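Visitor: Those sequence lines, one after another, are chains A and B.
FYI, the working numbering numbers position 44 of the first sequence as 53, with every residue one higher than the one before it.
FYI, the working numbering numbers position 137 of the second sequence as 146, with every residue one higher than the one before it.
Positions of the beta carbon are idealized from the N, C-alpha and C atoms, including for glycine.
Just so you know, these numbers come straight off a predicted model, no measurement behind them.
To start, I am sharing the structure in question, which I have written as structure tokens.
2 protein chains.
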Amino acid sequence: MTSPNEDTIASRISRILADRIVTGSLEPGSKLRQDHIAEEFGTSHVPVREAFRRLEAQGLAVSEPRRGVRVASFDLKEVREVAQMRAALEVLALRHAAPHLTSAILDRAEEATVAGDNSRDVRSWEEANRLFHTLILAPCNMPRLLTSIGDLHAASARFLFASWRSEWEVRTDHDHRAILTFLRQGNIENAAAVLERHVQWIGQKPVRNASGATREAFAIVG
Amino acid sequence: MTSPNEDTIASRISRILADRIVTGSLEPGSKLRQDHIAEEFGTSHVPVREAFRRLEAQGLAVSEPRRGVRVASFDLKEVREVAQMRAALEVLALRHAAPHLTSAILDRAEEATVAGDNSRDVRSWEEANRLFHTLILAPCNMPRLLTSIGDLHAASARFLFASWRSEWEVRTDHDHRAILTFLRQGNIENAAAVLERHVQWIGQKPVRNASGATREAFAIVG
DNA sequence: TAATCTGATATTATCTATAATTTTTCGTGC
DNA sequence: GCACGAAAAATTATAGATAATATCAGATTA
Numbered sequence: 010m011t012s013p014n015e016d017t018i019a020s021r022i023s024r025i026l027a028d029r030i031v032t033g034s035l036e037p038g039s040k041l042r043q044d045h046i047a048e049e050f051g052t053s054h055v056p057v058r059e060a061f062r063r064l065e066a067q068g069l070a071v072s073e074p075r076r077g078v079r080v081a082s083f084d085l086k087e088v089r090e091v092a093q094m095r096a097a098l099e100v101l102a103l104r105h106a107a108p109h110l111t112s113a114i115l116d117r118a119e120e121a122t123v124a125g126d127n128s129r130d131v132r133s134w135e136e137a138n139r140l141f142h143t144l145i146l147a148p149c150n151m152p153r154l155l156t157s158i159g160d161l162h163a164a165s166a167r168f169l170f171a172s173w174r175s176e177w178e179v180r181t182d183h184d185h186r187a188i189l190t191f192l193r194q195g196n197i198e199n200a201a202a203v204l205e206r207h208v209q210w211i212g213q214k215p216v217r218n219a220s221g222a223t224r225e226a227f228a229i230v231g
Numbered sequence: 010m011t012s013p014n015e016d017t018i019a020s021r022i023s024r025i026l027a028d029r030i031v032t033g034s035l036e037p038g039s040k041l042r043q044d045h046i047a048e049e050f051g052t053s054h055v056p057v058r059e060a061f062r063r064l065e066a067q068g069l070a071v072s073e074p075r076r077g078v079r080v081a082s083f084d085l086k087e088v089r090e091v092a093q094m095r096a097a098l099e100v101l102a103l104r105h106a107a108p109h110l111t112s113a114i115l116d117r118a119e120e121a122t123v124a125g126d127n128s129r130d131v132r133s134w135e136e137a138n139r140l141f142h143t144l145i146l147a148p149c150n151m152p153r154l155l156t157s158i159g160d161l162h163a164a165s166a167r168f169l170f171a172s173w174r175s176e177w178e179v180r181t182d183h184d185h186r187a188i189l190t191f192l193r194q195g196n197i198e199n200a201a202a203v204l205e206r207h208v209q210w211i212g213q214k215p216v217r218n219a220s221g222a223t224r225e226a227f228a229i230v231g
């Protein structure tokens with residue numbers, strides 16, 4: 010949702026690096042060394058630098074002048090921040106999208122919910138979840154808003170992957186179903202209210218550390 | 010608010026170009042030719058390209074691969090979109106900032122309001138207005154939210170400059186005063202309500218075209 | 001002895017110069 | 001007036017130079 014042009018080497022690199030950061034294959038705080046990446050992609054380092062600028066704008070990387078670029082770190086405070094921004098913006102989008110929602114779209118959103126409930130791993134659950142939100146929000150026809158929401162979704166997904174990398178248990182998403190029911194009734198206010206609460210729900214889970222100690226992991230699970 | 014690193018040539022170029030786009034000295038739709046800009050700043054075109062990527066992420070420029078970069082165009086639809094996004098996000102920020110607002114901050118915000126009321130041109134009015142919003146929102150301590158709001162402010166300012174380039178009449182900002190009054194009373198809900206309405210108020214004004222015809226110009230004036 | 005400072009070395013980011021494609025422009029012919 | 005094609009201009013990428021930062025061994029001091 011954040012790749013306007015998918016033709017240049019720089020955009021390809023930024024897309025692939027964004028995916029690695031989101032899925033956690035590149036760990037928070039790790040350095041992104043431009044000539045290593047350039048070598049991996051068989052290019053020079055100039056397009057790599059352009060990719061860095063885009064990742065920076067998306068909040069996935071932070072750059073210190075003359076000291077290089079690192080994968081952005083995050084903490085519970087930022088998880089909360091992203092959840093609240095998503096709540097505010099997704100409610101706005103839903104209010105504008107609702108009048109344009111067709112039953113065909115809502116059916117596809119329901120399929121996405123089912124797919125999410127049946128997911129056996131985080132990755133496919135996240136994909137289904139993102140599809141659900143995209144389907145019901147895209148008809149708002151507000152490109153700038155959708156881009157912002159897309160970036161926030163990427164951040165959410167990152168938090169999720171960081172917490173539930175391997176263990177994932179099937180959950181039934183009652184919120185998604187409630188939202189769809191309200192939308193089918195034309196009850197936009199209630200649908201928006203559920204959505205607002207839904208994306209601000211922050212799941213927590215004890216995670217065993219490498220040293221054996223356990224800590225609490227947090228993530229947005231909507 | 011959107012310049013994390015202010016040390017490299019690329020960031021300097023992006024800041025200056027952003028200012029030109031916002032003030033309208035670079036017109037919407039006009040091409041940004043990298044070697045011309047590189048020559049102007051006495052550099053090569055590589056840092057210019059990095060600056061382009063940042064402008065693109067801020068929504069101030071659009072890039073078509075292999076066809077160059079243009080100053081982003083806008084229309085009434087986007088003015089509305091930005092106004093509504095600002096309303097949603099600034100209300101969120103205010104709710105978190107309010108508990109940390111001191112009377113010293115509110116006094117400075119009042120000074121900014123007075124400065125705005127006394128402004129004789131758009132530029133100084135915009136500066137005072139931005140200061141007001143920044144002062145009452147910054148204590149929310151949510152960096153990602155503040156960055157987004159900053160980008161939206163830049164867009165708003167651009168709409169404003171496009172409409173009221175030369176003619177500007179002094180106006181007294183009753184909304185700002187009402188917000189401050191409510192904040193001093195600790196009445197956060199009313200302050201947020203006024204702010205929400207305030208930034209969504211879209212001013213309109215007949216503007217004489219070059220050919221003599223008049224058209225309506227629109228802008229966010231909060 | 002431990003800790004800190006100093007300076008040489010190596011690594012890395014940043015920018016310049018240059019080359020290769022692609023797009024646009026513009027003139028010529030039909 | 002329209003299509004075609006060569007020339008010009010602009011974007012994109014590469015390779016190489018420069019300057020800043022990190023690393024680490026050795027010296028100095030408490």
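1) Starting from A:Ala97, find everything on chain B with Cβ-Cβ shorter than 8 angstroms and list it in chain order.
2) Here's the rule: buried if 16 or more other CB atoms are within 10 angstroms of the residue's CB, otherwise exposed. What is A:Glu237?
3) Residues of chain A with CB closer than 7 angstroms to the CB of B:Ala66, please, in chain order.
4) Apart from the five residues just before and just after A:Ala60, which ones in its own chain have a Cβ nearer than 7 angstroms to its Cβ?
5) For chain A, is any of its Cβ atoms less than 8 angstroms away from the one on B:Gln43?
6) Between B:Thr223 and chain A, is there a C-beta pair that is closer than 8 angstroms?
7) Three-state secondary structure (DSSP) at A:Ser82?
8) Helix, strand or coil for A:Arg217? Go by DSSP, reduced to three states.
9) Count the other CB atoms within 10 Å of the CB of B:Gly195; is the residue buried (16 or more) or exposed (fewer)?
10) Counting contacts by CB-CB distance shorter than 8 angstroms, is B:Arg58 in contact with chain A?
11) If you draw a straight line from the C-alpha of A:Ala201 to the C-alpha of A:Ala166, how long is it?
12) Just to confirm before moving on: does the CB-CB distance between A:Ser172 and A:Ala226 stay below 8 angstroms?
13) Take the Cβ of A:Asn127 as the centre, count every other Cβ of all protein chains shown within 10 Å, and call the residue buried at 16 or more, exposed below.
14) Buried or exposed, going by whether 16 or more other CB atoms sit within 10 Å of the CB of B:Arg217?
15) If the cut-off is 7 angstroms on Cβ atoms, which residues from the segment 143–172 of chain A count as contacting chain B, listed in chain order?
16) Under 8 angstroms between beta-carbons, which chain B residues line up against A:Val91? List them in chain order, please.
17) For A:Asn138, is the classification buried or exposed, using 16 other Cβ atoms within 10 angstroms of its Cβ as the cut-off for buried?
18) Looking only at C-alpha atoms, which of A:Val230, A:Leu204, A:Asp130, A:Gln213 sits nearest to A:Thr223?
19) Which residue from A:Arg206, A:Gly51, A:Pro37 puts its Cα closest to that of A:Ala97?
20) Output, in chain order, the set of chain B residues within a Cβ distance shorter than 8 angstroms of A:Glu87.
21) Which ranges would you report for the alpha helix (DSSP H) in the segment 130–170 of chain A if only whole runs of at least 4 residues count?
22) Beta carbon of B:Thr32: closer than 7 angstroms to some heavy atom of the ligand PLP?
23) Excluding five sequence neighbours on each side, which residues of the same chain lie with their C-beta closer than 8 angstroms to the C-beta of B:Leu7?
24) Spatial neighbours of A:Ser82 within its chain, please: CB distance less than 6 angstroms, with the 5 preceding and 5 following residues excluded, ordered by chain position.
25) When you compare the CB positions of A:Leu146 and A:Ala92, do they come within less than 8 angstroms of one another, or not?
26) For B:Val55, return the contacting residues in chain A, with the cut-off set at a CB-CB distance below 7 angstroms.
27) Considering only the beta carbon of each residue, do A:Arg153 and B:Gly68 sit closer than 8 angstroms?
28) Could you check whether the Cβ of B:Met10 sits closer than 8 angstroms to any Cβ belonging to chain A?
29) Classify A:Thr181 as helix, strand or coil using the three-state DSSP reduction.
30) Quick check on B:His162: buried or exposed, where buried means 16 or more other Cβ atoms within 10 Å of its Cβ?
Guide: Let's see:
1) Ala97, Leu98, Val100, Leu101
2) Because residue 237 of chain A is not part of the residues shown, which for chain A are 10 to 231, the question remains open.
3) Arg63, Ala66
4) Ala19, Ile22, Ser23, Leu26
5) No, because no Cβ of chain A sits closer than 8 angstroms to the Cβ of B:Gln43.
6) no
7) coil
8) strand
9) exposed
10) yes
11) 22 angstroms
12) yes
13) exposed
14) exposed
15) Met151, Arg153, Leu154, Ser157
16) Arg153
17) buried
18) A:Gln213
19) A:Arg206
20) Arg153
21) Fully enclosed alpha helix (DSSP H) runs of 4 or longer: 131–146.
22) For the structure depicted, the ligand PLP is absent and the ligand set is empty, with no information on it obtainable.
23) No answer is possible for residue 7 of chain B: the residues shown for chain B start at 10 and end at 231.
24) Pro37, Gly38
25) The answer is no: Cβ separation not under 8 angstroms.
26) Val55
27) A contact, by the Cβ cut-off of 8 angstroms.
28) Caution is warranted here: a pLDDT of 35 is assigned to B:Met10, below 50, making its placement in the model unreliable, and no coordinate value can be reported.
29) coil
30) buried
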